[in-house]
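If you read the sequences in order, they're chains A and B.
Sequential numbering from 0 applies to the first sequence in numbering that gives the first Met the number 0.
Sequential numbering from 0 applies to the second sequence in numbering that gives the first Met the number 0.
Glycine is no exception: its CB is placed at the ideal position from the N, C-alpha and C atoms.
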Amino acid sequence: MKPARDKRPVIVETQNLAMHFGGVRAVDQVDFTLFDKELRCLIGPNGAGKSTFFKCLTGQLVPSAGKVIIRDGETTGFEPHEIASLGVGIKTQVPNVFDGLTVDENIWLSARRWHAAKRARAVVAETIERLQLGDIRREMVGRLAHGQRQWVELGMVVAAEPWLVLLDEPAAGMTHDETARTADLIKEINTQAALIVVEHDMQFIRMISKQVTVFHEGRVLMEDTMDAISKDKRAREVYLGNRA
Amino acid sequence: MTGGNTGMRPVLIFALIGTVFMFGAPYVLQLFTIINLTTAIALAVLALSLALVWGFGGILCFGQVAFFGLGAYAYTMGAINFGGSTWAILVAILVSSAFAAILGYFVFFGRVSDVYLGVITLTVTLIFFSLIRRTSGPEFKIGIAQIGGFNGVTSPPLNLPWDTSSFLFPEQVFYVAMAALILCYVFCGWLMNTHFGRVCVGIRENELRAELLGYDSRLYKLGIFTISAGIAAIGGVLFCNGVGRITPDVFNLYNAALTIIWVIVGGRGTLIGPIAATFGLFYLTSALGGQSTLNNNLVLGVILIFFVLLVPKGVAPTITDWVARRRRPRKASRRARRTMRRDEGSNA
Ligand SMILES: Nc1ncnc2c1ncn2[C@@H]1O[C@H](COP(=O)(O)OP(=O)(O)O)[C@@H](O)[C@H]1O
Ligand SMILES: [Mg+2]
Numbered sequence: 000m001k002p003a004r005d006k007r008p009v010i011v012e013t014q015n016l017a018m019h020f021g022g023v024r025a026v027d028q029v030d031f032t033l034f035d036k037e038l039r040c041l042i043g044p045n046g047a048g049k050s051t052f053f054k055c056l057t058g059q060l061v062p063s064a065g066k067v068i069i070r071d072g073e074t075t076g077f078e079p080h081e082i083a084s085l086g087v088g089i090k091t092q093v094p095n096v097f098d099g100l101t102v103d104e105n106i107w108l109s110a111r112r113w114h115a116a117k118r119a120r121a122v123v124a125e126t127i128e129r130l131q132l133g134d135i136r137r138e139m140v141g142r143l144a145h146g147q148r149q150w151v152e153l154g155m156v157v158a159a160e161p162w163l164v165l166l167d168e169p170a171a172g173m174t175h176d177e178t179a180r181t182a183d184l185i186k187e188i189n190t191q192a193a194l195i196v197v198e199h200d201m202q203f204i205r206m207i208s209k210q211v212t213v214f215h216e217g218r219v220l221m222e223d224t225m226d227a228i229s230k231d232k233r234a235r236e237v238y239l240g241n242r243a
Numbered sequence: 000m001t002g003g004n005t006g007m008r009p010v011l012i013f014a015l016i017g018t019v020f021m022f023g024a025p026y027v028l029q030l031f032t033i034i035n036l037t038t039a040i041a042l043a044v045l046a047l048s049l050a051l052v053w054g055f056g057g058i059l060c061f062g063q064v065a066f067f068g069l070g071a072y073a074y075t076m077g078a079i080n081f082g083g084s085t086w087a088i089l090v091a092i093l094v095s096s097a098f099a100a101i102l103g104y105f106v107f108f109g110r111v112s113d114v115y116l117g118v119i120t121l122t123v124t125l126i127f128f129s130l131i132r133r134t135s136g137p138e139f140k141i142g143i144a145q146i147g148g149f150n151g152v153t154s155p156p157l158n159l160p161w162d163t164s165s166f167l168f169p170e171q172v173f174y175v176a177m178a179a180l181i182l183c184y185v186f187c188g189w190l191m192n193t194h195f196g197r198v199c200v201g202i203r204e205n206e207l208r209a210e211l212l213g214y215d216s217r218l219y220k221l222g223i224f225t226i227s228a229g230i231a232a233i234g235g236v237l238f239c240n241g242v243g244r245i246t247p248d249v250f251n252l253y254n255a256a257l258t259i260i261w262v263i264v265g266g267r268g269t270l271i272g273p274i275a276a277t278f279g280l281f282y283l284t285s286a287l288g289g290q291s292t293l294n295n296n297l298v299l300g301v302i303l304i305f306f307v308l309l310v311p312k313g314v315a316p317t318i319t320d321w322v323a324r325r326r327r328p329r330k331a332s333r334r335a336r337r338t339m340r341r342d343e344g345s346n347a
């Protein structure tokens, strides 16, 4: 059931979603709803099934059972390029960038997917400016530090001007400064688009989140504000107890 | 590896050098050398086609000679049947590209992994080899043209467009071959600077990322595979004109491997490298052919091992790196060394 608290349209929905690897129920019976312009964090201990759930949304995995609905259409079993072509920006947990190409070229390939040549060049310039990649724009991405590569990938997401953004651990391996900037960027993206952010770092989640979904052993344990979750006994037991 | 978007300037410079050579060579070289050169040019077109699909598309096609040989056979059969070469050239390009499109459709849309693509293309090549070898009898013919089995068939020479009585002399065939090589080279250089070409390079670098940006990688791979087969067919047409006949040996394992060697030596991610390597190795093997102290294949093998171990990026990228390093001497050299090490790892 959709809670009555929100009048905005639902843009992502999963019904009874499941992903099983042999006997491992990585995702099991997940009913999930995301509203337009919402910023949602997915948290949970390692192996809780967050990335697997994420991959079912992005088309990297075909779920064993259940449905994925994005906007008005069912997207279960879509290819990743079909999901992206709906206007969805995606960043995976393991950075996926074009290592042998320059920062410029990486971002251009994203912008050019949506815009004619001239406009694409303008979008690249804007994105480089916005993410402060100007100093390294002609460098090969493969030669950059981990945090910078993450930023290039975020740049590719931003350059596509998506209406829905899916990020799997965007701040992983970043320095404190970079993490804070990423949080700012996410809030900025949220003025235009809805987001689902998978995260590990509680500090980071406190910086950005409103509504949080807790995953545990492939299922949704609870869904609430960060404050409520940090007070909840069950959530503390599975996750927060040893961390926050 | 080098990216797509490098601009047209280097391409046009090499095209200009090629054009000067094309008009100058017949004045300084003997006819025998010119005829030999025509064959080398045909092979260079083949190398170019593999440089495109492997070096830029990231698709290791072990059987690029299949499209080359198919083009040569289609040209020969067509020219005998039509009594002229003009339509035969078009038929050759079409037959090869169409065959590649069908094969590529099953491979790419079936999401066959990259390793198997190499195996499949090589197998197809060897199937052609043994099938055509068995077509010696008079019952094996296409239209009025005998396929000729392991002896092959004599290829009718090129004629002026739609003028079947004016055959081209060897010098003129040389001009045609050289012009075709230059045009194919400029075309490939241009293609790699288009949106299509740059996406192909992106897919080579990271297919999942390209998909996550909304590009259907299967279509791009199919596209570059088909185009490269068409270019290989042009090489095949030139080859059977240079040699004067076509035999099933074109499909043998030695030739399939040789094509790969040209691209490894010349360097993946460049177009001019494999072309230059083809000429270099062609003349090296011709020179070695005149003596009997050293075995030809042994020398080729040693060269291949030398490059794989010591110049893994190939000649052209190594030169480009070296020039870039001299221009930015400070921190660049350390960085280049680091990349080199990484590339070695990924090429192993
Ligand atoms: N491709 C796979 N094959 C088998 N098991 C997998 C695969 N991917 C994930 N798993 C398993 O599914 C569970 C959830 O993993 P994952 O979704 O990566 O968790 P999280 O992202 O929350 O850390 C883990 O037990 C993991 O080992
Ligand atoms: Mg994960």
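Using a C-beta to C-beta distance shorter than 9 Å, which residues of chain A count as neighbours of residue i?
i, result
"residue 213 of chain B", "79, 80, 81, 82, 83, 84, 85, 86, 87, 109, 112, 113, 159"
"residue 197 of chain B", "100, 104, 107, 108, 111"
"residue 201 of chain B", "97, 100, 104, 105, 108"
From residue i to residue j, what distance separates their C-alpha atoms?
i, j, result
"residue 31 of chain B", "residue 105 of chain A", "49 Å"
"residue 38 of chain B", "residue 285 of chain B", "12 Å"
"residue 139 of chain A", "residue 24 of chain B", "40 Å"
"residue 298 of chain B", "residue 308 of chain B", "15 Å"
"residue 201 of chain B", "residue 290 of chain B", "46 Å"
"residue 335 of chain B", "residue 293 of chain B", "Any reading at residue 335 of chain B must be qualified, since the residue scores a pLDDT of 48, below 50, and its modelled position is unreliable; no value is offered."
"residue 86 of chain A", "residue 128 of chain A", "22 Å"
"residue 11 of chain A", "residue 82 of chain A", "12 Å"
"residue 63 of chain A", "residue 215 of chain B", "24 Å"
"residue 339 of chain B", "residue 268 of chain B", "Confidence is the limiting factor: at residue 339 of chain B the pLDDT is only 46, short of 50, which leaves the residue's position unreliable and the question unanswerable from this model."
"residue 63 of chain B", "residue 177 of chain B", "21 Å"
"residue 342 of chain B", "residue 311 of chain B", "Note that residue 342 of chain B has pLDDT 42, beneath the 50 cutoff, so the model's placement of it is unreliable and no number is given."
"residue 193 of chain B", "residue 186 of chain B", "11 Å"
"residue 190 of chain A", "residue 114 of chain A", "21 Å"
"residue 79 of chain A", "residue 151 of chain B", "48 Å"
"residue 0 of chain B", "residue 315 of chain B", "The predicted position of residue 0 of chain B is uncertain, since its pLDDT is 45 and thus under 50; no value can be drawn from it."
"residue 74 of chain B", "residue 225 of chain B", "18 Å"
"residue 109 of chain A", "residue 212 of chain B", "6 Å"
"residue 231 of chain A", "residue 136 of chain A", "46 Å"
"residue 146 of chain B", "residue 217 of chain B", "35 Å"
"residue 105 of chain B", "residue 117 of chain A", "36 Å"
"residue 9 of chain B", "residue 40 of chain A", "49 Å"
What residues of chain B sit near residue i, judged by a beta carbon separation below 7 Å?
i, result
"residue 52 of chain A", "Near residue 52 of chain A there are no residues of chain B at all, since even the closest Cβ is about 17 Å away, more than 7 Å."
Using a cut-off of 8 Å between C-beta atoms, extract the partners of residue i located in chain B.
i, result
"residue 155 of chain A", "208, 212"
Strictly below 8 Å CB to CB, what residues from chain C border residue i?
i, result
"residue 205 of chain B", "The chain inventory of the structure shown lacks chain C, comprising the protein chains A and B."
How would you label residue i, buried or exposed, when you count the other beta carbons within 10 angstroms and need 16 or more for buried?
i, result
"residue 128 of chain B", "buried"
"residue 236 of chain A", "exposed"
"residue 252 of chain B", "exposed"
"residue 165 of chain B", "exposed"
"residue 137 of chain B", "exposed"
"residue 208 of chain A", "buried"
"residue 206 of chain B", "buried"
"residue 346 of chain B", "Low confidence applies here, because residue 346 of chain B scores a pLDDT of 32, under 50, leaving its location unreliable and the question unanswered by this model."
"residue 226 of chain A", "exposed"
"residue 26 of chain B", "exposed"
"residue 179 of chain B", "buried"
"residue 53 of chain B", "buried"
"residue 115 of chain B", "exposed"
"residue 240 of chain A", "At residue 240 of chain A, the pLDDT of 48 sits below 50, so the modelled position is not reliable; the number obtained from the coordinates is stated separately. Flag for residue 240 of chain A reads exposed."
Between residue i and ligand 1, is the CB less than 7 Å from at least one heavy atom?
i, result
"residue 244 of chain A", "Outside the modelled stretch of chain A, which goes from 0 to 243, sits residue 244 of chain A, for which no answer is possible."
"residue 105 of chain B", "no"
"residue 238 of chain B", "no"
"residue 67 of chain B", "no"
"residue 43 of chain A", "yes"
"residue 214 of chain A", "yes"
"residue 81 of chain B", "no"
"residue 136 of chain B", "no"
"residue 20 of chain A", "yes"
"residue 213 of chain B", "no"
"residue 47 of chain A", "yes"
**Message:** Using a strict less-than 7 Å threshold between each residue's beta carbon and the heavy atoms of ligand 2, what residues do you get?
**Reply:** In chain order, the qualifying residues are A/49, A/50, A/92, A/167, A/168, A/197.
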